[in-house]
Amino acid sequence: MRVLAAMSGGVDSAVAAARAVDAGHDVVGVHLALSTAPGALRTGSRGCCSREDAGDARRAADVLGIPFYVWDFADRFKDDVIDEFVAAYAAGQTPNPCLTCNEKIKFSALSERAVALGFDAVATGHYARLENGELRRAVDEDKDQSYVLAVLTPEQLSRAMFPVGDTPKDQIRAEAAARELSVANKPDSHDICFIPTGDTRAFLGATIGVRPGKVVDADSGAELGDHEGVHGFTIGQRKGLGIDAPAADGKPRYVTEIDPDSGTVTVGSSEHLQVWTIVARRAIWTSGTTPTEPFEAMVQVRAHGGLALADVEPMDGDGTDGVEGPAFRIRLRSPLTGVARGQAAVLYRPDADAGDLVLGSGRIAVTGSVPGELATSAGT
């Protein structure tokens, strides 16, 4: 089988490529140039796609004895990932750019080019497993990336390979060292790749500009302060709220609601963060089966955390509350906090034997704070 190995310059993708070679595949390495002006060096775990990363990927390919190329996807990455990220924050959402990159770059644009060139599959260093075409969590739960891969369609998964998903990270590093790969001890990248400083608020401020608004109290509606744009806030945020006086009860305040139209950011107690119901749009059924009846599932609403048992009802959005097309309604058995519009709601099998199986995903559009009831607007 001809396999295109996406090599980021990190240890995981290098070992993934090596394992594809060991499996007897005809492997070609490719590094994606995603920045129009890549820096020469990364700073520890900050950033990626630098010239250093491209060099590390090339050296790993040389050790493995496979052909290596650099493909320029910078324009596509800006249009599909960076611009969408900025627009989502401007609309009061909290997007996950890794989801978008997987959906539109690595397993869409890259996969399409690979197929056009005669490759059968794309191998990446993601921590996830594929069994009989079904997406499952990785063996290493701390590194599991099935959440950010749950936006892939069955067709995209049929052309994917995740060679490291069955191995803990420490063993992957040991294997890389044994193979004499120079990236064996290279730090993982933990920040948004196109914001190497790690300062998301500054990046968005420079891109979106100043859009003043008010910070108000969830209970009284009283104005507590001013801000320079809703892009500086996320649901559940506790610090950097721009409030001088503490709450009357002395308890911490959190961002509980963001209204991009009025520019109002509402803050309240932790109790105001509780979400019982969710509507997720853009439903994708990674399992290959589109459900027509309600079912039970474990729901995850953040890349690491936010997991609860729920009843899920498939639906075809008719435009009400801004939800159109394939969607699903979630009624949680116990409340979750920090649920933000724009993030993914990923559904897993609820049983003990197959609880690592991904059923599908959707983008969170509407949330409700009362059990069984939903908010009246997708802007909530």
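Numbering (the working numbering), first residue to last: 13 to 392. For each residue, glycine too, the CB sits at the ideal point set by N, CA and C. Just so you know, these numbers come straight off a predicted model, no measurement behind them.
- Item | For Phe-406: DSSP bridge partner residues | The requested residue 406 is not part of the displayed model; the chain covers only 13 to 392.
| task | Scan the region 268-304 and note each continuous beta strand (DSSP E) run of 3 residues or more that stays entirely inside, going in chain order. | result | 276-280 and 287-296
Q) Taking buried to mean at least 16 other C-beta atoms within 10 Å of its own C-beta, is Leu-147 buried or exposed? A) Here residue 147 refers to the residue found at position 135 when the sequence shown is read from its first residue. When all chains shown are included, Leu-147 counts as buried.
Name the residue from Glu-269, Gly-252 and Val-39 whose alpha carbon lies nearest to the alpha carbon of Leu-129.
Against the sequence shown, residue 129 aligns to sequence position 117. Out of Glu-269, Gly-252 and Val-39, Val-39 has the C-alpha closest to the C-alpha of Leu-129.
- Contact check, Leu-285 vs Thr-268 under 8 Å by CB: the rounded distance? Here residue 285 corresponds to residue number 273 of the sequence shown, with the count starting at 1. Here residue 268 corresponds to residue number 256 of the sequence shown, with the count starting at 1. The Cβ separation is near 6 Å, so the contact holds.
field: When Thr-289, Leu-111, Ala-45 and Ile-78 are compared against Arg-88, the one with the closest alpha-carbon
entry: The residue given as residue 88 occupies position 76 in the sequence shown. Answer by Cα proximity: Ala-45.
* Euclidean distance between Cα positions of Arg-343 and Thr-298 -> Counted from its first residue, the sequence shown places residue 343 at position 331. Counted from its first residue, the sequence shown places residue 298 at position 286. Approximately 21 Å, taken between the alpha carbons.
Contact check, Val-351 vs Ile-290 under 8 Å by CB: the rounded distance? As a first step, residue 351 is located in the sequence shown; it is residue number 339 there, counting from the start. As a first step, residue 290 is located in the sequence shown; it is residue number 278 there, counting from the start. So it is a contact: roughly 7 Å between Cβ atoms.
query = Rounded to the nearest angstrom, how far is the Cβ of Val-27 from that of Gly-137, given a contact under 8 Å?
reply = By one-based count along the sequence shown, residue 27 stands at place 15. By one-based count along the sequence shown, residue 137 stands at place 125. The pair is a contact, with the Cβ atoms about 7 Å apart (cut-off 8 Å).
| message | Closest to Pro-107 by C-alpha separation, out of Trp-288, Ala-315, Gly-210 and Ala-66, would be which residue? | response | Position 95 of the sequence shown, counted from the start, is the residue given in the question as residue 107. It is Ala-315 whose Cα lies nearest to the Cα of Pro-107.
**CB of Val-198 within 9 Å of CB of Val-23, strictly** = If you number the sequence shown from 1, residue 198 lands on position 186. If you number the sequence shown from 1, residue 23 lands on position 11. Note that residue 198 corresponds to Lys in the displayed sequence, not to Val. Closer than 9 Å, so yes.
ask   = What number of angstroms, rounded off, separates the C-alpha of Gln-249 from the C-alpha of Arg-14?
value = Here residue 249 is taken as the residue at index 237 of the sequence shown, counted from 1. Here residue 14 is taken as the residue at index 2 of the sequence shown, counted from 1. Looking at the two C-alpha atoms, the distance is approximately 46 Å.
Going by other Cβ atoms of all chains shown within 10 Å of its Cβ, with 16 needed for buried, is Leu-164 buried or exposed?
-> Here residue 164 is taken as the residue at index 152 of the sequence shown, counted from 1. Leu-164 should be labelled buried.
Open item on the list: With the cut-off set at 9 Å, would you say His-29 and Gly-21 are in Cβ contact?
Closed with: As a working note, residue 29 is residue 17 in the sequence shown. As a working note, residue 21 is residue 9 in the sequence shown. Position check: residue 29 holds Ala in this sequence, whereas His was assumed. The answer is no: Cβ separation not under 9 Å.
| said: For Thr-379, list the residues DSSP reports as bridge partners. | reply: Counting from one through the sequence shown, the residue named residue 379 turns up at place 367. Per DSSP, Ile-290.
- Task: Spatial neighbours of Pro-224 within its chain, please: CB distance less than 8 Å, with the 5 preceding and 5 following residues excluded, ordered by chain position.
- Result: One-based indexing of the sequence shown puts residue 224 at position 212. Closer than 8 Å at the Cβ level, and outside the excluded window around Pro-224, lie Asp-238, His-239, Glu-240, Gly-241 and Gly-275.
(Q) Suppose the cutoff is 6 Å on Cβ atoms and the five residues either side in sequence are ignored; what does the same chain contact list for Val-33 look like? (A) Taking the first residue of the sequence shown as position 1, residue 33 is located at position 21. Answer for Val-33: Val-39 and Leu-76, listed in chain order.
*Among Ser-47, Pro-264, Ile-247 and Asp-229, which residue has its Cα nearest to the Cα of Asp-91?*
Along the sequence shown, one-based indexing puts residue 91 at 79. Out of Ser-47, Pro-264, Ile-247 and Asp-229, Ser-47 has the C-alpha closest to the C-alpha of Asp-91.
Hey, how far is the Cα of Lys-155 from the Cα of Ala-234?
Here residue 155 refers to the residue found at position 143 when the sequence shown is read from its first residue. Here residue 234 refers to the residue found at position 222 when the sequence shown is read from its first residue. The alpha-carbon atoms of Lys-155 and Ala-234 are separated by roughly 43 Å.
Among all the DSSP beta bridges, which residues are the ones paired with Gly-318? Taking the first residue of the sequence shown as 1, we reach residue 318 at position 306. Paired residues: none, contrary to the question.
For this session: Could you check which residue in Thr-302, Ala-133 and Gly-104 has the C-alpha nearest to that of Lys-118?
Result: Sequence index remark: in the sequence shown, residue 118 carries index 106 (1-based). Closest by alpha carbon: Ala-133.
Query raised in the report: Once you ignore the five residues that flank Glu-262 on each side, which residues in its own chain have a CB closer than 8 Å to its CB?
Result: In the sequence shown, residue 262 corresponds to position 250, counting from 1. The sequence given here places Gly at residue 262; Glu does not occur at that position. The answer is none, since no qualifying residue turns up.
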